[in-house]
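Numbering (our numbering), first residue to last: 1 to 71.
And the structure:
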């Protein structure tokens, strides 16, 4: 379970970084992107947000199975 917890933590961190990057591309830098990249940035924002939710739930499950406090 320790290995899975580490994996869930890593995916959570990478998902937050990806969400920040795609949100920056999709909104403040939108005027510098062509339409194709802008669409991909918006889709990436949605996918990274979903990934954050899934990895956080996985993290809670693995913490619970290890008997550690979930906060």
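Glycine included, every Cβ here is placed at the ideal spot set by N, Cα and C.
Sub-9 Å separation of residue i and residue j beta-carbons
i: residue 41; j: residue 33; result: yes
i: residue 14; j: residue 44; result: no
Residue i, enclosing alpha helix (DSSP H) - first and last residue
i: residue 30; result: Run containing residue 30: none; DSSP gives neither H nor E here.
i: residue 68; result: No alpha helix (DSSP H) holds residue 68; DSSP gives it neither H nor E.
Spatial distance of residue i from residue j (CA atoms)
i: residue 62; j: residue 68; result: 9 Å
i: residue 55; j: residue 66; result: 16 Å
i: residue 28; j: residue 52; result: 22 Å
i: residue 30; j: residue 37; result: 9 Å
i: residue 1; j: residue 64; result: 10 Å
i: residue 57; j: residue 35; result: 34 Å
The segment 17 to 27 touching the segment 40 to 50, judged by at least three CB pairs closer than 8 Å: yes
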